[in-house]
Amino acid sequence: MGIEDIEKHSFRFSALKVWMQFWHNIVFYRKVVYARREKVHRQDHLIFTPNHQNALMDALAVEFSFKNQFVFVARSDIFKNKFIATILYFLKILPVYRIRDGYESLKKNEMVFKKTLDIIRNKNGFVILPEGNHAGFRRLRALKKGFARIAFQAEEASGFSLDIKIVPVGINYSNYENVRSDLLVVFGDAFPVSEFYEAYRSHPAKAYNQIKAKLAERLKPVMINIDSSFYDAYDFLRKAYCGEACRQMQLNPLALYDRFKAEKAIIARLKQFETKEPEAMEKLAASVKEYGNMLIKMKLLDIKPVSAFGVLGKKLLLLITSPLFLYGYINNLLPWYLTTLYPRKIKDPQFRSSVKFVLSSLIFPLFYLILTLMFYLLFHQPWLTLAYFVSLPLSAAIAWNYTKLFRRFIQDWRYLKRNLIKDTVLLKARQLYSELLAGMDKVFQAYE
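Residues in the sequence shown are numbered consecutively from 25, following the working numbering.
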């Protein structure tokens, strides 16, 4: 498949999507939730416009939301190599040429635009990331006019008859980089490009600004948007107070979308607090920073109370399950090492999860097939070989959870030792954490 038929349905792409979606939703992420999908009317001509914080993973979050074979756009410089360009076209990605790519290259946008029009008319679902580039911050950045230009030009070329809808998509990660984190995708209320026809006919630049403002207005409610100079304080408090906020709002703290609602409420009330009491907000942010420094000093991630019996129970469980861990560790060490080695060298943290995802989805199954073949050639036992093959992913899951339990045990042990000797830093940290939660109680109740 090349650019000439990128809008057409591809059975090879469908097969690849089934595998990648399984790896994305079941293996790579612990939990994936799509909220408000019913708001999307797929019979319309649609342009999806998600926020952009995590490189390729943002595109995949949209791709796996529906059965559509979405078409995306990416900067043109990654298409320079013909082999890579062929792969990108197969993955249904179109190049966009910019002035920085040279004035001559801008002529190629005419061909790209024709394909864009075919895609929108075909109702594939066209996806463009309106922020232009990614950044690992939970806030909406300035939107580029690329999506607006494409929408208006497509309407103009069709005599303003398509009635294109812009679909805001909020992509929210519990952690940008870590495997087995959570992903929530929230679909916002779509709006028609037709609202801006009159402005576009008389003053295109004005229409671009108006539609960008409209999209920003619709994107902010469906994503975690921390628009404050006290970013770190907001980010900490939205997580620390989320459980209590869920309780007060009668939401389920185990449901991602409910937690999202609670975090949005926390951020909104903190914003009111910051506006009306800036000095008090500054003191609150300073306390959050002080608390974080205490955790770093103690080498702790949090100060959840633990008991000696709880620590002992974790230690016994680790000892009992250590043979299972060793089995999983030995069988999965090489693919895990290959999957994580290269991403560590990538300077941009937001690219690491993308590389981990692609490598893991290819290396693990390939390695399992090789190991299984070697096992069969060694023992010539079909049923035993099948059992071994099934044990490989299961043992990987066991080894992964064992590692998590071991890290939690180390954290609990450090906390317990400091607690037993009445460590002054721990005592101050506990007191400060209680004060932070008490402060948030006041903020949450005062600003509704």
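Positions of the beta carbon are idealized from the N, C-alpha and C atoms, including for glycine.
Rounded C-alpha distance that separates residue i from residue j
i	j	result
residue 4	residue 83	Because the chain is modelled from 25 through 472, residue 4 falls outside the range shown and cannot be assessed.
residue 309	residue 261	9 angstroms
residue 60	residue 337	42 angstroms
residue 134	residue 312	52 angstroms
residue 227	residue 168	17 angstroms
residue 139	residue 56	31 angstroms
residue 195	residue 270	21 angstroms
residue 408	residue 362	27 angstroms
residue 418	residue 352	8 angstroms
residue 210	residue 457	31 angstroms
residue 241	residue 85	21 angstroms
residue 80	residue 392	25 angstroms
residue 11	residue 354	The first residue shown for the chain is 25 and the last is 472, placing residue 11 beyond what the model contains.
residue 416	residue 293	48 angstroms
residue 98	residue 119	5 angstroms
residue 90	residue 300	43 angstroms
residue 467	residue 256	17 angstroms
residue 73	residue 147	15 angstroms
residue 317	residue 448	14 angstroms
residue 67	residue 162	32 angstroms
residue 39	residue 414	22 angstroms
residue 385	residue 107	21 angstroms
According to DSSP, residues forming a beta bridge with residue i
i	result
residue 197	207
residue 118	97
residue 482	The structure shown has nothing for residue 482, since the chain only spans 25 to 472.
residue 11	Nothing about residue 11 can be read from this structure; the chain reaches only from 25 to 472.
heavy atom of the ligand GTP below 6 angstroms from residue i C-beta
i	result
residue 446	The ligand GTP is not among the ligands present in this structure, which contains no ligands whatsoever.
From the options, residue whose alpha carbon lies closest to that of residue i
i	options	result
residue 198	86, 445, 287	287
residue 367	429, 378, 396, 357	378
residue 136	108, 31, 165	31
residue 328	151, 94, 435, 315	435
residue 179	143, 365, 347	143
residue 186	272, 395, 27, 145	145
residue 218	396, 373, 70, 452	70
residue 334	94, 439, 72	439
residue 64	50, 221, 216	216
residue 298	46, 253, 331	253
Boundaries (first-last residue) of the alpha helix (DSSP H) holding residue i
i	result
residue 282	280-300
residue 233	228-243
residue 417	406-444
residue 355	332-368
residue 470	448-470
residue 387	373-403
residue 31	Where residue 31 is concerned, there is no enclosing alpha helix (DSSP H), given that its DSSP letter is neither H nor E.
residue 263	255-264
residue 177	170-181
Runs of beta strand (DSSP E) wholly within the region 38-88 (minimum 3 residues, chain order): Here the runs fully enclosed are 55-59, 70-74.
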